[in-house]
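J.: Per the numbering used here, the very first residue in the sequence shown carries number 126; after that it's consecutive. We put the CB at the ideal spot given by N, CA and C, even for glycine. Let me give you the structure first, and then I'll get to my questions.
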Amino acid sequence: MKTYYTILKLSTNTIVGDSLSIGLLVCRGNKYWLKVSEHKKNIAKKLLGDKENSVDFVIKQLSTYLKQLNSETQKSNLFTFESFITEDYINYLNVYANGILQFSKASALNDDFDDLKFSKLYSLLIEKNIGGKNEVFQDIKSISLLEQNVQDRLISKVRNRIHTEITIDNSVLKSIYFNYEMDCLGLNGSFVGAKSLSLDHTVQTLEKNVSHYVTLIALLSQKYDKNLNNNKFFLIADEPLYKTPAHKFWEEMKDVSTFKLISSEEVEQVAEIVDKTDARKFLQENY
């Protein structure tokens, strides 16, 4: 069974061809491994200017797609299928992908491959330990529980009724100065919406994300003349390790009145509110 890898790069200057390697994708048959360095990604985002908001969206789309492929493989393990992402396809992306996210040529690996070997290869090619500590990675496995719960217990239940996996930008709110991704958003008398947030980021990044969420809620309520107190907004975040900066941040979010903090195990209550209030889509069809 062939195994090959490609290095993910963010194009920081297309004119002169500058890019920064941020992650590693390995394909073996129809199984996929992906890791993206949070540290290097944030460095690249600082160089991208007004394009930085597109980075997380593009990487999330790739991560979601690969997780879906891995999930389909597990469901169909009685049969053998050709790889969805072939060596030729990666080499095609290497030549023709001209957006923010780029791919190196596919490189073959002759050895058997597993999770441990992936970690070693990642450390060798992308990022070794810095300052004696492991960097925080955006890892398919580490965020799968949060995202899987949101997908299975919330989005799958409300997809046909309200907006799901939506990006709010200035085409929706002219006064907004950033793009913001939400898991779901609906309206009927008042708003109901939810935003999932992995706490595997720096506190500064988390605070910025929540600040944007609060601002977005206020701007939506102002535009559609809705009382903030009547809205039902949720922040979905699973409790992190105790006595960490992320846990302190998580505790502080309990006191924010603009939204309710819930875990990914509790997201069905959002779907229940959508059903109870008969919330609906309210934006143009392409949303």
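Can you check the segment 329–397 for any alpha helix (DSSP H) of at least 4 residues that lies completely inside it and give the ranges in chain order?
T.: Counting whole runs of 4 or more residues, the segment 329–397 contains the alpha helix (DSSP H) stretches 370–378.
J.: To the nearest angstrom, report how far apart Val-381 and Ile-387 are at their CA atoms.
T.: Between Val-381 and Ile-387, the C-alpha separation is close to 12 Å.
J.: For Ile-398 and Phe-316, what's the separation of their Cα atoms in angstroms?
T.: If I take the Cα positions, the gap works out to 10 Å.
J.: For the alpha helix (DSSP H) holding Leu-312, just list the boundary residues, first then last.
T.: Not the alpha helix (DSSP H): Leu-312 falls in the beta strand (DSSP E), residues 305–313.
J.: Over the uninterrupted beta strand (DSSP E) stretch that includes His-288, give me the two end residues.
T.: That run of the beta strand (DSSP E) goes 288–293.
J.: So, helix, strand or coil for Ile-184, using DSSP?
T.: Helix at Ile-184.
J.: Do you know whose CA, among Lys-385, Phe-228, Ile-225, Asn-216, lies nearest Ile-342's CA?
T.: Nearest C-alpha to Ile-342: Lys-385.
J.: Please classify Leu-279: is it buried, with 16 or more other beta-carbons within 10 angstroms of its beta-carbon, or exposed?
T.: By the neighbour-count rule (16 or more Cβ atoms within 10 Å), Leu-279 is buried.
J.: Within a Cβ cutoff of 7 Å, which residues of the same chain sit near Asn-355, ignoring the five residues on either side of it in sequence?
T.: Counting only Cβ-Cβ distances below 7 Å, and skipping sequence neighbours, we find Ser-315.
J.: Whole angstroms are fine: how far does the CA of Ala-222 sit from the CA of Leu-135?
T.: C-alpha separation (whole angstroms): 11 Å.
J.: Beta strand (DSSP E) containing Lys-156: first to last residue?
T.: It spans 156–162 - the beta strand (DSSP E) in which Lys-156 sits, taken as one unbroken run.
J.: If Asn-155 and Leu-194 are in contact, beta carbons under 8 Å, what's the gap, nearest whole angstrom?
T.: With a Cβ gap of about 7 Å, Asn-155 and Leu-194 count as contacting.
J.: Assign Arg-284 to one of three DSSP states: helix, strand, or coil.
T.: In the structure shown, Arg-284 sits in coil (DSSP, three-state: anything other than H, G, I, E or B).
J.: Using only the alpha-carbon positions, how far apart do Tyr-129 and Ile-184 sit?
T.: Approximately 20 Å, taken between the alpha carbons.
J.: Tell whether a beta-carbon distance below 9 Å holds between Glu-212 and Ala-231.
T.: Taking 9 Å as the Cβ cut-off, Glu-212 and Ala-231 qualify as a contacting pair.
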